[in-house]
Amino acid sequence: MFGMGIGELVVVLVIVLLVFGPGRLPEMMGNLGQAMREFQKGLREPPEIDVPPAKPTPPAEA
0 MFGMGIGELV VVLVIVLLVF GPGRLPEMMG NLGQAMREFQ KGLREPPEID VPPAKPTPPA
60 EA
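In this text, residue positions in the sequence shown follow numbering that gives the first Met the number 0: the first is 0, and each later residue adds one.
1) Roughly how many whole angstroms lie between the Cα atoms of Val9 and Met27?
2) In angstroms, rounded to a whole number, what distance separates the CA positions of Val18 and Glu7?
3) In its own chain, which residues sit with a C-beta less than 8 Å from the C-beta of Met35, not counting the 5 before and 5 after it?
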């Protein structure tokens, strides 16, 4: 994964724990999971195009 082995992942995890502390880590992971769900939901749904409907044209007179 990302060219990293188990040792590198452990080092990154330890650094994250030291920087943010064990109290904020669950909150951050929850926010990350929610952001990933919203991103995937956005990929699945078609984009909403905000275009007003065209006005009907009057019939042509011959």
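No residue lacks a Cβ here, since even glycine has one placed at the ideal position from N, Cα and C.
Let me spell this out:
1) The residue given as residue 9 occupies position 10 in the sequence shown. The residue given as residue 27 occupies position 28 in the sequence shown. Using only the alpha carbons, I get a separation of about 18 Å.
2) As a working mapping, residue 18 is identified with position 19 in the sequence shown. As a working mapping, residue 7 is identified with position 8 in the sequence shown. If I take the Cα positions, the gap works out to 17 Å.
3) In the sequence shown, residue 35 corresponds to position 36, counting from 1. The answer is none, since no qualifying residue turns up.
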